[in-house]
Amino acid sequence: LPYSQSMRLGKKRLARERTSGELALIEQIRSRAKRTQAAGLLLGIGDDCALLRPRPSEALAVTTDLSIAGRHFLLEGHPPEVVGNRTLVRGLSDLAAMGARPLAAFLSLGLPAELVRAQGRERAWVDRFLDGLLTLAESYGVSLAGGDLAESPLATADIIAIGTVAPSRALLRSGAKAGDNLYVTGQLGGSAAGLEALMKLVGRRRGKLSIPLRRHPAIATHFNPQPRVAQGLWLGRHGASAAMDLSDGLSTDLTHLCAESGVAAEVEAARLPLHPAATLAQALHGGEDYELLFTAPAKARMPRTIAGVAVTRIGRIVRRQRGKSPVMLIGDNGSQTLEPGGWQHFA
Ligand SMILES: [Mg+2]
22 LPYSQSMRLG KKRLARERTS GELALIEQIR SRAKRTQAAG LLLGIGDDCA LLRPRPSEAL
82 AVTTDLSIAG RHFLLEGHPP EVVGNRTLVR GLSDLAAMGA RPLAAFLSLG LPAELVRAQG
142 RERAWVDRFL DGLLTLAESY GVSLAGGDLA ESPLATADII AIGTVAPSRA LLRSGAKAGD
202 NLYVTGQLGG SAAGLEALMK LVGRRRGKLS IPLRRHPAIA THFNPQPRVA QGLWLGRHGA
262 SAAMDLSDGL STDLTHLCAE SGVAAEVEAA RLPLHPAATL AQALHGGEDY ELLFTAPAKA
322 RMPRTIAGVA VTRIGRIVRR QRGKSPVMLI GDNGSQTLEP GGWQHFA
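Numbering (this note's numbering), first residue to last: 22 to 368.
This is the structure we're talking about:
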């Protein structure tokens with residue numbers, strides 16, 4: 022049932038059904054989404070479709086990301102606000118990696134009934150999920166403009182994120198050239214280190230899980246990744262040659278970028294900006310850092326920070342050689358191939 026259903030019901034019937042779980046939730050989402058009204062959104066939740074209007078010179082950038090309990094989040098480990106926040110971060114990070122400005126998001130939820138109901142004094146899981154999602158949406162000027170709801174034995178949240186970008190400024194994966202420098206924003210491995218620390222706490226827990234974030238800065242990083250929207254917009258205006266976001270891990274994502282560009286890459290291990298809690302393996306293969314991986318011609322001067330986030334040169338793009346692995350890791354003891362070691366579904 023789309024949220025828009027509530028619009029088509031008569032007022033009387035709506036009042037009668039408002040107490041039923043689904044319609045009550047739709048109404049709640051609709052009224053809470055009002056605080057997220059982006060410019061470019063002509064019509065949000067309430068009709069059969071939302072209406073979006075990009076500027077005449079802009080294209081729409083569209084991405085979709087599926088989050089499933091037990092795969093992308095743990096009901097017993099991730100607070101609902103964190104699941105809501107991270108669900109939207111995944112979409113906004115893809116927009117950032119295209120150099121796009123976020124406009125609207127569409128959320129489809131499949132939830133077991135107990136996650137929609139308040140439990141005694143505690144608010145329903147879905148209410149807290151929306152707290153996290155809408156807080157992030159508001160801070161990035163994104164409208165929650167529609168979606169769908171269904172009861173499901175498995176909790177799933179699918180986000181569609183839509184942004185706008187002038188086509189000439191879109192950051193593609195296919196633009197890297199031999200001789201370009203290779204960069205990342207922020208720090209690497211923090212999310213993987215945080216997930217590992219979280220799993221230990223979940224395993225040791227007796228009763229209610231409490232997570233002392235001050236004692237576990239990596240868990241805080243894992244819980245609250247930042248989509249690099251301002252950095253992506255800057256890179257689109259300042260001549261980055263290729264970009265993508267680090268969602269599956271540097272080794273896996275860089276292999277994708279090299280394949281799309283038809284090039285190879287050399288990464289200098291000593292240059293990698295490790296999160297203080299992360300190992301080198303977590304920085305190379307741990308996913309969900311949501312930093313930007315990008316390339317720029319050697320003559321382009323990159324600042325040390327973009328919008329307050331560090332930029333680090335981690336290596337360079339080289340010509341692809343037949344039969345050779347596309348990504349090499351250069352360390353103290355020479356170079357070795359860096360195989361994709363990040364997350365792969367169906368592997
Ligand atoms: Mg991506």
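The C-beta atom is built at its ideal place from N, Cα and C for all residues, glycine as well. In this text, all values refer to a predicted model and were calculated from it rather than measured experimentally.
Query, Result
"Measuring only from the beta carbon, is residue 263 closer than 7 Å to any heavy atom that is part of ligand 1?", "no"
"Return yes when the C-beta of residue 195 is under 7 Å from any heavy atom of ligand 2, and no when it is not.", "Ligand 2 is not part of this structure, which contains only ligand 1."
"Within 10 Å of its beta-carbon, does residue 29 have 16 or more other beta-carbons around it, so buried, or fewer, so exposed?", "Confidence in residue 29 is poor, its pLDDT being 47 and thus under 50, which makes the residue's placement unreliable; the coordinate value appears in the next sentence. Burial call: exposed."
"Assuming residue 315 and residue 263 form a contact by the criterion Cβ under 8 Å, report the distance between their Cβ atoms to the nearest whole angstrom.", "6 Å"
"Ignore the nearest five residues each way along the sequence and tell me which others in residue 22's own chain have a CB closer than 8 Å to its CB.", "Because the pLDDT of residue 22 is 43, which lies under 50, any placement of that residue in the model is unreliable, and the question is left without a value."
"Do residue 268 and ligand 1 come close, with the Cβ less than 7 Å from some heavy atom?", "yes"
"In angstroms, rounded to a whole number, what distance separates the CA positions of residue 202 and residue 122?", "25 Å"
"If I measure Cβ to Cβ from residue 254 and keep anything under 7 Å in the same chain, skipping five residues before and after, which residues do I get?", "120, 122"
"Does the distance between the C-beta of residue 115 and the nearest non-hydrogen atom of ligand 1 fall short of 7 Å?", "yes"
"Here's the rule I'm using: 16 or more other beta-carbon atoms within 10 Å means buried, otherwise exposed. How should residue 143 be labelled?", "exposed"
"Counting Cβ pairs, one atom from each stretch, are 3 or more of them under 8 Å apart for the stretch 121-137 and the stretch 170-188?", "yes"
"Helix, strand or coil for residue 134, going by three-state DSSP, please let me know.", "helix"
"At a cut of 8 Å, does the stretch 229-238 reach the stretch 316-324 through at least three beta carbon pairs?", "no"
"I'd like to confirm the pairing. Which residues does DSSP put opposite residue 265 in its beta bridges?", "314"
"Does ligand 1 have a heavy atom nearer than 7 Å to the CB of residue 199?", "no"
"Does any heavy atom of ligand 1 sit closer than 7 Å to the C-beta of residue 118?", "yes"
"Could you name the residues of the same chain whose beta carbon sits closer than 6 Å to that of residue 289, not counting the 5 residues immediately before and after it, in chain order?", "336, 351"
"So residue 213 and residue 91 are supposed to be a Cβ contact under 8 Å. How far apart are they, rounded?", "Their Cβ separation, rounded to whole angstroms, is 18 Å, which puts residue 213 and residue 91 out of contact at 8 Å."
"Return the CA-CA distance between residue 70 and residue 325, expressed in angstroms with no decimal places.", "43 Å"
"Can you give the Cα-Cα distance for residue 237 and residue 359, rounded to whole angstroms?", "29 Å"
"List, from N- to C-terminal side, the alpha helix (DSSP H) runs of 4 residues or more that fit wholly inside the stretch 322-348.", "none"
"On a Cα-Cα basis, can you pick out the residue from 293, 116, 107, 175 that is closest to residue 205?", "293"
"Along the alpha helix (DSSP H) that carries residue 108, what are the first and last residues, could you check?", "101-118"
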